[in-house]
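Visitor: Structure incoming, see below.
Number of protein chains: 2
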Amino acid sequence: MPSEFELIARYFTRGTTHTTLGVGDDGALITPAPGQELVISTDMLVEGTHFLPDTDAEDLGWKTLAVNVSDMAAMGARPRWATLAIAVPPTPTFEWLDDFARGFFACADEFGIDLIGGDTTRGPRAFCVTILGEVAAGQALRRSGAGIGDDIWVSGQPGRAALGLAHLQGRMVLAEPRRAECVAALQRPQPRVALGLALQGLATAAIDVSDGLLADLGHILEASRVAASVQVAVPSAPTLERDAWLSGGDDYELVFTAPPARRNVIDALAGRLQLALTRVGTIAAGSAGAIALHDAEGHPLAIQRRGYDHFISPVDMSPDASPDA
Amino acid sequence: MPSEFELIARYFTRGTTHTTLGVGDDGALITPAPGQELVISTDMLVEGTHFLPDTDAEDLGWKTLAVNVSDMAAMGARPRWATLAIAVPPTPTFEWLDDFARGFFACADEFGIDLIGGDTTRGPRAFCVTILGEVAAGQALRRSGAGIGDDIWVSGQPGRAALGLAHLQGRMVLAEPRRAECVAALQRPQPRVALGLALQGLATAAIDVSDGLLADLGHILEASRVAASVQVAVPSAPTLERDAWLSGGDDYELVFTAPPARRNVIDALAGRLQLALTRVGTIAAGSAGAIALHDAEGHPLAIQRRGYDHFISPVDMSPDASPDA
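Sequences listed follow chains A and B, in order. Heads up, the first sequence is in this note's numbering, so the first residue is 55 and it goes up one at a time. Heads up, the second sequence is in this note's numbering, so the first residue is 55 and it goes up one at a time.
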């Protein structure tokens, strides 16, 4: 059975490219660049709550880091460093850890991240990543800057991860190529780092979709003390497809706001990044956090469910699993 | 039942004193001071591995942060910021979280730390803290600097936490005032931040005692590629007291090395800090990591157990629970 120190050495110690002192001491040392602020975020993923016990280890390694990279994207920051604490059962298999590490470092390589610290312990399977990024002083994208009249934009196709999960759980059947797209969105989310960096000075507020489009837009609205009008960009019949678009978590697309005068710039950005950027609504005066939902013909829709809260509905993504948060 | 967002708001959102943007966005923002390096460390504490299910919540809150503060002390850094991710069962009681938060923030206040990020999720009880500290560029205390002929020093009285645990588990009976001291060492460890800061430019290497004196000294020896001779500073009969001194984890005292020419300065430092600093041995040439152990009369002692490894022996602290790591 491998010891804690052997595990750390074997799977989680690699060279670094921009770190003063990496894994192996009581702490890592980094030297922030002058004029930069550091952005820090932390996430814990727990088996049974955030992922299923039979999740592919390599996918899980990727996702464990990717969900944190997404927080950097939502702040308009460049991800730079990460720490990883893992709890695994007393007899972890080498193969499982090897696969997990391969996925984790694939994501680290993709986004230029040094792993600078870790902790390996025995326990029910869980992972905790803290990520650090850099952003020019004063340029971070916050949730609190949305102004009345701003457009509301979303990247990509929110809802795909929830549909992928529904397919894997046998609650619906997706046909190819949609099936592969949706399962990939769930298992290998692509954080929108390039978009976040490009939105510096362009977006007035941003957040990533981890809990669902409406729920995460709601956080922007609450922080900015405004309301919103949102037009559903998928068929508005109460199907799983619509509910996934509105409330499916785990997509890691960005929702952001920008003045209407920026529409042309944002359309051009979509072309440059080869990433759909869709206007889905408008920031309005009103009760902070309130969202008026409309279908394509402008008819109002009642909101059944705003999003995903780990204390209310764990892995169950069914539309009726929980009341509004 | 409280939602994740309510939990975060209720227990883990407080004002900050030196943070650009705290809890409540996709990431926190900090502005490092010019000329400082950042020191980063992460630790995960899991119920049943690092603490017993009936551990007092307030003590646990203190200790969850204190063990990370100790890593800053061991690097000679000033702790400044922390993130906290917690997994708790689906029905956490308000009282438990309130007590945990009180202990956590008592430690944060004691050491001047802003809580800047968090994650609250459902799962088997576990806590993950990432701590960030500042140290003047080039001044961090590393494990790798011990030189042949250096003295080996230890702060305080290592072994007390292990004795406190043995007492609580009914494996021995401690009398007052030793009992209170040892239980406090286990439940409310006092990270040696002032000592770590004072050792900048004085110590050649340092580490904190989390896994046991010999095990953690071993890490210095391996990183510095040297050996050591250590004289046991407690009665050398194979008692629980001796084994706790040699191998008891969870004390968070500092072990450090310094040239003999610094003895007077270090003795004066002990007086100024009102903290025992004891010379326990000498760095020697030899196989990297090797420790020759002697009793007070200079007779060699065989080492039965070097330290604590979560993958070998969880909460069990009995001397024969595991072979040498």
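Every residue, glycine too, gets a C-beta built ideally from N, C-alpha and C. Remember, predicted model here, so these are calculated numbers, not experimental data.
For the alpha helix (DSSP H) that residue 218(A) lies in, which residues bound it at each end?
Guide: The residue you call residue 218(A) lines up with position 164 of the first sequence. From DSSP, the alpha helix (DSSP H) with residue 218(A) extends over 214-222.
Visitor: Whose CA, out of 330(A), 272(A), 284(A), 294(A), lies closest to the CA of residue 349(A)?
Guide: Stepping through the first sequence from its first residue, residue 349(A) is reached at position 295. Among 330(A), 272(A), 284(A), 294(A), the Cα nearest to that of residue 349(A) is on 284(A).
Visitor: Please list, in chain order, the residues of the segment 84-111 of chain B that have any C-beta partner in chain A closer than 9 Å.
Guide: Per Cβ criterion, the list reads 84, 85, 86, 88, 90, 91, 92, 93, 94, 95, 96, 97, 98, 99, 100, 101, 102, 103, 104.
Visitor: Is it buried or exposed for residue 122(A), if we count other Cβ within 10 angstroms and need 16 for buried?
Guide: Numbered from its first residue, the first sequence carries residue 122(A) at position 68. Classification of residue 122(A): buried, given that the 10 Å Cβ count is 16 or more.
Visitor: Spell out the partners DSSP gives residue 284(B) in its beta bridges.
Guide: Sequence index remark: in the second sequence, residue 284(B) carries index 230 (1-based). For residue 284(B), which the question treats as bridged, DSSP gives the partners 335(B), 347(B).
Visitor: Taking C-alpha atoms, which residue in 327(B), 271(B), 347(B) lies nearest to residue 291(B)?
Guide: Within the second sequence, numbered from 1, the residue matching residue 291(B) stands at position 237. Of 327(B), 271(B), 347(B), the residue nearest in Cα terms is 347(B).
Visitor: Between residue 130(A) and residue 251(A), how many whole angstroms is the CB-CB distance? I'm expecting something under 8 Å.
Guide: What you label residue 130(A) is simply residue 76 of the first sequence in a count that begins at 1. What you label residue 251(A) is simply residue 197 of the first sequence in a count that begins at 1. Right, the Cβ-Cβ distance comes to about 6 Å (below 8 Å), so this counts as a contact.
Visitor: Just how far apart, CA to CA, sit residue 380(A) and residue 245(A)?
Guide: No information on residue 380(A) is available, as it lies outside the stretch 55 to 379 that chain A covers here.
Visitor: Between residue 178(A) and chain B, is the shortest Cβ-Cβ distance under 7 Å, so that the two count as touching?
Guide: Stepping through the first sequence from its first residue, residue 178(A) is reached at position 124. Interface residue, yes.
Visitor: From residue 239(B) to residue 99(A), what does the alpha carbon distance come to, in whole angstroms?
Guide: In the second sequence, residue 239(B) corresponds to position 185, counting from 1. In the first sequence, residue 99(A) corresponds to position 45, counting from 1. Their backbone Cα atoms lie some 31 Å apart in a straight line.
Visitor: Do residue 208(A) and residue 307(A) have their CB atoms nearer than 7 Å?
Guide: Translated into the one-based positions of the first sequence, residue 208(A) becomes position 154. Translated into the one-based positions of the first sequence, residue 307(A) becomes position 253. For residue 208(A) and residue 307(A), yes; Cβs fall inside 7 Å.
Visitor: Just to confirm, are residue 303(B) and residue 352(B) a CB contact at a threshold of 7 Å?
Guide: The sequence position of residue 303(B) within the second sequence is 249, counting from 1. The sequence position of residue 352(B) within the second sequence is 298, counting from 1. Cβ atoms of residue 303(B) and residue 352(B): not closer than 7 Å.
Visitor: Measure the Cβ-Cβ separation of residue 187(B) and residue 309(B) and say whether it is below 7 Å.
Guide: Taking the second sequence and counting its residues from 1, the one referred to as residue 187(B) is at position 133. Taking the second sequence and counting its residues from 1, the one referred to as residue 309(B) is at position 255. No, the Cβ-Cβ distance between residue 187(B) and residue 309(B) is not below 7 Å.
Visitor: Use the C-beta contact count for residue 282(B): other C-beta atoms within 10 angstroms, 16 or more gives buried, fewer gives exposed.
Guide: Taking the second sequence and counting its residues from 1, the one referred to as residue 282(B) is at position 228. Buried.
Visitor: Pull up the DSSP beta-bridge partners for residue 182(A), would you.
Guide: Taking the first sequence and counting its residues from 1, the one referred to as residue 182(A) is at position 128. In DSSP, residue 182(A) forms a bridge with 98(A), 139(A).
Visitor: Taking all protein chains shown into account, decide if residue 301(A) is buried (16 or more other Cβ within 10 angstroms of its Cβ) or exposed.
Guide: Position 247 of the first sequence, counted from the start, is the residue given in the question as residue 301(A). Flag for residue 301(A) reads buried.
Visitor: Looking only at its chain, what residues have a beta carbon closer than 8 Å to the beta carbon of residue 365(B), apart from the 5 residues adjacent to it on each side?
Guide: Within the second sequence, numbered from 1, the residue matching residue 365(B) stands at position 311. Note on residue 365(B): pLDDT 41, under 50, position unreliable in the model; the coordinate value appears next. Closer than 8 Å at Cβ, skipping near neighbours: no residue.
Visitor: Going by C-alpha to C-alpha distance, which of 202(A), 178(A), 233(A), 155(A) sits closest to residue 215(A)?
Guide: Against the first sequence, residue 215(A) aligns to sequence position 161. Comparing Cα positions, the closest option is 233(A).
Visitor: Which residues share a DSSP beta bridge with residue 294(B)?
Guide: For this step, residue 294(B) is matched to residue 240 along the second sequence. Its beta-bridge partners do not exist; DSSP assigns none.
Visitor: Locate the alpha helix (DSSP H) running through residue 272(A), then write down its first and last residues.
Guide: Taking the first residue of the first sequence as 1, we reach residue 272(A) at position 218. Unbroken alpha helix (DSSP H) run through residue 272(A): 267-278.
Visitor: Compare the C-beta of residue 184(B) with all C-beta atoms of chain A and state if any pair is closer than 7 Å.
Guide: Residue mapping note: residue 184(B) aligns to position 130 of the second sequence, counting from 1. Cβ-Cβ to chain A under 7 Å: yes for residue 184(B).
Visitor: Identify, in the order they occur along the chain, each residue of the same chain with its Cβ nearer than 7 Å to the Cβ of residue 83(A), setting aside the five sequence neighbours on each side.
Guide: One-based indexing of the first sequence puts residue 83(A) at position 29. Excluding positions up to five away in sequence, the list reads 74, 75.
Visitor: Shorter than 7 Å from the beta carbon of residue 139(B) to some beta carbon of chain A?
Guide: On the second sequence, residue 139(B) is found 85 positions in, with the first residue counted as 1. Interface residue, yes.
Visitor: So what does DSSP say about residue 253(A), is it helix, strand or coil?
Guide: Residue 253(A) sits at position 199 when you count from the first residue of the first sequence. Looking at residue 253(A) - three-state DSSP - the assignment turns out to be coil, as it is neither helix nor strand.
Visitor: Need the endpoints of the beta strand (DSSP E) that residue 262(A) sits in, please.
Guide: Residue mapping note: residue 262(A) aligns to position 208 of the first sequence, counting from 1. Segment 259-262, the beta strand (DSSP E) holding residue 262(A).
Visitor: Among the candidates 145(A), 153(A), 277(A), whose CA atom is the shortest distance from the CA of residue 112(A)?
Guide: Within the first sequence, the letter at position 58 stands for residue 112(A). Here the closest residue by C-alpha is 153(A).
Visitor: What does a CB cutoff of less than 7 Å around residue 312(B) pick up in its chain, not counting 5 residues either side in sequence?
Guide: In the second sequence, counting from the first residue as 1, residue 312(B) sits at position 258. These residues qualify, in order along the chain: 204, 205, 207, 256, 257, 258, 320.
Visitor: What residues from the segment 291-311 of chain B come within 7 Å of chain A, judged by C-beta to C-beta, listed N to C?
Guide: So nothing in the stretch comes that close.
Visitor: Going along chain A in order, which residues have a C-beta closer than 7 Å to the C-beta of residue 173(B)?
Guide: The residue labelled residue 173(B) in the question sits at position 119 within the second sequence. 96, 97, 98, listed in chain order.
Visitor: Pull out every residue of the segment 67-82 of chain A whose Cβ sits closer than 9 Å to any Cβ of chain B, in chain order.
Guide: For the segment 67-82 of chain A, which is checked against every Cβ of chain B, the residues closer than 9 Å are 74, 75, 78, 79, 80, 81, 82.
Visitor: On the criterion of 16 or more Cβ atoms from any shown chain inside 10 Å, does residue 171(B) qualify as buried, or is it exposed?
Guide: The residue given as residue 171(B) occupies position 117 in the second sequence. Residue 171(B) is buried by the Cβ-count criterion.
Visitor: Spatial neighbours of residue 228(A) within its chain, please: CB distance less than 7 Å, with the 5 preceding and 5 following residues excluded, ordered by chain position.
Guide: Counted from its first residue, the first sequence places residue 228(A) at position 174. The residues are 217, 221, 236.
Visitor: Compare the Cα-Cα distances from residue 332(B) to each of 210(B), 69(B), 110(B) and report the closest residue.
Guide: As a first step, residue 332(B) is located in the second sequence; it is residue number 278 there, counting from the start. Of 210(B), 69(B), 110(B), the residue nearest in Cα terms is 210(B).
Visitor: What residue from 189(B), 107(B), 69(B), 177(B) has the CA that sits closest to residue 91(B)'s CA?
Guide: If you number the second sequence from 1, residue 91(B) lands on position 37. Selected option, being the one with the closest Cα: 189(B).
Visitor: When you compare only the Cα positions, how much space is there between residue 343(B) and residue 173(A)?
Guide: Position 289 of the second sequence, counting from 1, holds the residue named residue 343(B). Position 119 of the first sequence, counting from 1, holds the residue named residue 173(A). Roughly 22 Å between the two C-alpha positions.
Visitor: Does any C-beta atom of chain A lie closer than 7 Å to the C-beta of residue 197(B)?
Guide: For the purposes of this step, residue 197(B) is taken as residue 143 along the second sequence, with counting starting at 1. By this cut-off, residue 197(B) is an interface position.
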